[in-house]
Amino acid sequence: MGGPADLLRALTLALCLALPGAVAAQTTPATPPVATEERAAEAGEGAAAEGGGAADQVPAADAAPTPPAKTGGLSKSQTAGSNNRGGKSISVLPSDSNALDYAAWERLATRAETALADSTTSNNGLELLRGQLVDWRTKLQGAQNTNATRIATSRTQITALGPAPADGESEAPEIAERRKALNEQLARLQAPGLAAEEAYRRASGLVSEIDRVLRERQANELLKLWPNPLNPANWGTAAAAVRDSLMPIWAEAAVNWTRPDRRAYLVDNLPVIGVLLLLAIALIWRGRAWIEGFALRLQTSAASARGRRLWGFLASLGQIIVPTVGVFLISVALALTEMAGSSGKQLIALLPPAGFALFAAHWLGGRIFPKANCEDGPLSLGPEQCAEGRFHATMIGLVLALETLRAGLLPNARLPEAAVPVITLPLILLMGLMLWRIGHLLNRHLARNATDGEAGGFANRIIGILAKVTIAIAVAGPLLALIGYASAAAALVFPAAGSLGLLALLVVILQLIGELYSLILRLPPEDDAQSQGLLPVLVGFLLTLASLPLFALIWGARFDDLTELWARFTQGFQIGETRISPSNFLYFAVLFAIGLALTRLFQGALKSSILPKTKLDQGGRNAIVSGTGYLGIFLAGLIAINSAGIDLSGLAIVAGALSLGIGFGLQNIVQNFVSGIILLIERPVSEGDWIEVGTVSGTVKAISVRSTRIQTFDRSDVIVPNADLVSQRVTNWTRYNLSGRLIVPVMVIHGSDPDQVLRVLREIAEAQPMAVLNPPPVVALVGFALDGIQFEIRVILRDVNFQLSVRSAINQDILRRFRDEGIALAHTGAGSKPLPEPEPEEDEASAPHFFPAVIVSMPASADAAKAAQAAATAVTRRKAGAAHPGPTSLGRDADESDAFLDGIEDETER
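Counting in numbering that gives the first Met the number 0, the sequence shown runs without a single skipped number right up to 909 at its last residue.
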């Protein structure tokens, strides 16, 4: 079962590489380590069901050697000349020399099945069998591609012969014989691959079965109920077990002291041992102060605040390296004494990992809970709380170091059952207390953020969940240990501490990435928001994904389980006859990216160098550039799919279902996509055109695959689907030329001279610089209205984009010229001053009189206006002594007409 101790051993492997060599150089071959003896015994037990030891699990000596499935190259003997032929050979090995020894594979598979059937097989024996099965599975996977090229050639030859005749039909004898020979040849070529595939599936099944057995045993171990550690009867057993496990260290040293050769070797190495011990003590005792002073000098010499913090971080790594090197020197010095036996050497080998756990936890505590400026840390805590956090982090490292030493010197397998829960209980209780305090510190961070009024973001939510889980584990772990579930308690508290350490390391690394990013971009130190740009966030996301296997190892996952998951992932998945693996995706992505880059480069060359030298307009150039981009993307995808070996023929059913779904669910999108292609080919609308579609009028700014962006004259962008431009009525004002007609309506009052108005308007139109004289402007009298006479100016402009300014200029000229000519415009508002009217030439008696009060009081309709005009005419004729108007003129009889006219006269006089 994996745990923090195993992970720490793996992390300090680089520091301990020299130690086994130093120990092995002084070790007598007659006294092998106990761990090696146990592994050999357990391996023999794993193969006991077969009647042999661990050595029987490899192929027998008389069996043919199994060459690797893949060779890195040709040896000298393979390329040397053949003496019996007198020439040199450049051919590869014969096909039979690359064949696998299936007899040896059958023996191994049978032995694995027998071991799985025996419940007494040890875990180590199963692990050894699993390793051999994995090696064979790798070879068998490579052997599945045997004769792949020749198989493809044979299939091509068979296809060239045409389809096989149906039942009752025959074909030419030569073709039939050739088809038979090719089919037999194809069967022989496929035989090695089929045998390898069958053996591969058998190996995969055996590996999966071994993993299942190991996981079940691990689960049973976690749920095992040990004797109660609170029972005083078990305390004596635990003390005796500790004594029996640690006393051999002293006993072996005493025995070695009695040997003259060992004492002589110690005396010879005494100066070196003394120097190493003094140096180790100096590094452990004074190394921290040296590192802090060195970091201070680097911070003061840096040019910027970002640089000072970066150099300070790099220098702080010495707080781990320097003391760990000191512990490593102590281990080397103890190994050079030649006084340690097998148990002592095991203790010496455990010292560097334990020291690394302690110093790494102390360093992480200093980074998460800074000593100088606590506010600069990732948590919002006060100085007292930061000091408490540093203390708890160091204590967690100390407990992990003690657990590393206990797991190495006092493993559960060599202790009595009554002693295991008693020995592990103190460390579990102490670790639970430290986790409890860390969880409360995280809650204080959240409470302080809420007090400061800061919005709780994603990070605070994660910290809140982490605090609750940490406190729950801190309570559940010790309770389980007190009950007797020592394995379950240890599997909770120690991995929880290791996970907190790994999370803290991730936070520190993300801070370092942010500092590097800010330093490269030369961002100011106070601009912390921009230091968390897209690149640091992406790198942090990738680091978090990469750390998931480490979290799995911390929580007890076996390394073989992770490798098995990776192997299945690399194999990919199969859809029908097509197998798609991650390597295919990666190859596809690389080729598609190259094709896309080449397409963009070609588009840039077209746009900047080639098309400007042609006679195409801007719309045509944009259409060619866009079409080239779509074609390039299509070709890049097609080439990438074929080159990656992805067979799309097996996806025909999926493609058909996808097409059906597109037809129903994505109908509008497909319609707009096709319409966009039509727009690019026909080009009824181009970028820069002034168009009107529906109620939208503006300039086309961009034509994409799905929609077209139109900028209105209000400077607002309107996204119009391409289907609307194809199916609806579109007015394009500037597609083929910029000229266009402008119509300016003019209305003058009744009684104006039409010839004078036409002359003035024609002069105004012809005087406009934007007006085209061929065809000349047209000025016409287009109709009569109640309010006046209607005229129109129709001119052709050279550039229709200037029609607003031309209309404004024409209207200004009309106002000025009409005022000079004495022409009155109709629709004169009540607040404006009408133009002066010319004096009437006839006398007052014969002139028509209008009665504004009477007319305004009448309804605003054509009949009322006619009645008012008739009444005015009747009053005029009555004053002139004319005959009485008839009833048809006013619509009344004689008496009513007289009364009506009398009322009008009275109103006029008033």
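Quick reminder that beta carbons are idealized off the backbone N, C-alpha and C, glycines included.
{"Item": "Beta-carbon contacts of leucine 659 that lie in its chain and below 7 Å, excluding the five residues immediately before and after", "Value": "none"}
{"Item": "Inter-residue spacing [alpha-carbon to alpha-carbon] between proline 477 and glycine 431", "Value": "6 Å"}
{"Item": "3 or more residues per run - each beta strand (DSSP E) lying fully within the stretch 346-393", "Value": "none"}
{"Item": "Serine 580 versus isoleucine 472 - alpha carbon distance", "Value": "40 Å"}
{"Item": "Inter-residue CB distance, valine 324 and leucine 357 (contact presumed, cutoff 8 Å)", "Value": "With a Cβ gap of about 14 Å, valine 324 and leucine 357 do not count as contacting."}
{"Item": "Asparagine 255 Cβ short of 8 Å to the ligand NAD heavy atom set", "Value": "For the structure depicted, the ligand NAD is absent and the ligand set is empty, with no information on it obtainable."}
{"Item": "Through-space distance from glutamine 670 to phenylalanine 817, alpha-carbon basis", "Value": "56 Å"}
{"Item": "Where the beta strand (DSSP E) containing valine 799 begins and where it ends", "Value": "From DSSP, valine 799 is part of no beta strand (DSSP E); its letter is neither H nor E."}
{"Item": "Coarse secondary structure for valine 704, derived from DSSP in three states", "Value": "coil"}
{"Item": "For glutamate 770, the residue or residues it bridges with in DSSP", "Value": "The sequence shown places alanine at residue 770, rather than the glutamate named in the question. Per DSSP, Leu796."}
{"Item": "Length of the line joining the Cα atoms of glycine 594 and arginine 620", "Value": "22 Å"}
{"Item": "Cα-Cα separation, histidine 391 to arginine 287", "Value": "19 Å"}
{"Item": "Environment of aspartate 166 [buried if 16+ CB atoms lie within 10 Å]", "Value": "exposed"}
{"Item": "Assumed close pair alanine 202, arginine 136 - CB separation to whole angstroms, cut-off 8 Å", "Value": "4 Å"}
{"Item": "Serine 207 and glutamate 514 closer than 9 Å at C-beta", "Value": "no"}
{"Item": "Exposure label - lysine 467; buried when at least 16 CB within 10 Å", "Value": "exposed"}
{"Item": "Closest by C-alpha distance to isoleucine 508, when choosing among Phe540, Gln184, Tyr199, Leu99", "Value": "Phe540"}
{"Item": "Alpha-carbon to alpha-carbon, tyrosine 586 and alanine 926", "Value": "Nothing in the structure corresponds to residue 926, since the chain is present only between 0 and 909."}
{"Item": "Pair within 9 Å by beta-carbon distance, asparagine 810 and tryptophan 689", "Value": "no"}
{"Item": "Tryptophan 104, buried or exposed, once every other Cβ within 10 Å from all chains shown has been counted against 16", "Value": "buried"}
{"Item": "Alpha-carbon spacing of cysteine 385 relative to valine 133, whole angstroms", "Value": "49 Å"}
{"Item": "Beta strand (DSSP E) runs contained entirely in the stretch 95-162, provided each spans 3 or more residues", "Value": "none"}
{"Item": "Any 3 or more C-beta pairs closer than 8 Å across the stretch 341-357 and the stretch 400-420", "Value": "yes"}
{"Item": "Exposed unless 16 or more other CB atoms sit within 10 angstroms - verdict on arginine 154", "Value": "exposed"}
{"Item": "7 Å CB neighbourhood of leucine 505 in its chain, flanking five on each side removed", "Value": "Leu542, Thr543, Ser546"}
{"Item": "Inter-residue spacing [alpha-carbon to alpha-carbon] between glutamate 112 and glycine 124", "Value": "13 Å"}
{"Item": "Inter-residue spacing [alpha-carbon to alpha-carbon] between asparagine 372 and threonine 393", "Value": "19 Å"}
{"Item": "The stretch 164-179 contacting the stretch 207-225, beta-carbon criterion three pairs below 8 Å", "Value": "no"}
{"Item": "DSSP state of glutamine 56 mapped onto helix, strand, coil", "Value": "Only weak support exists for where glutamine 56 lies, its pLDDT of 38 falling under 50; the coordinates are left without a value."}
{"Item": "Proline 720 (DSSP reduced to helix, strand or coil)", "Value": "strand"}
{"Item": "Beta-carbon proximity check, arginine 389 vs glycine 354, cutoff 9 Å", "Value": "no"}
{"Item": "Residue of Val743, Gln189, Phe550 minimising C-alpha distance to leucine 760", "Value": "Val743"}
{"Item": "CB contact flag (glycine 697, glutamine 710, <9 Å)", "Value": "yes"}
{"Item": "Extent of the continuous alpha helix (DSSP H) run through arginine 187", "Value": "172-221"}
{"Item": "Buried or exposed (CB count within 10 angstroms, at least 16 for buried), glutamate 337", "Value": "buried"}
{"Item": "Glycine 693 (DSSP reduced to helix, strand or coil)", "Value": "coil"}
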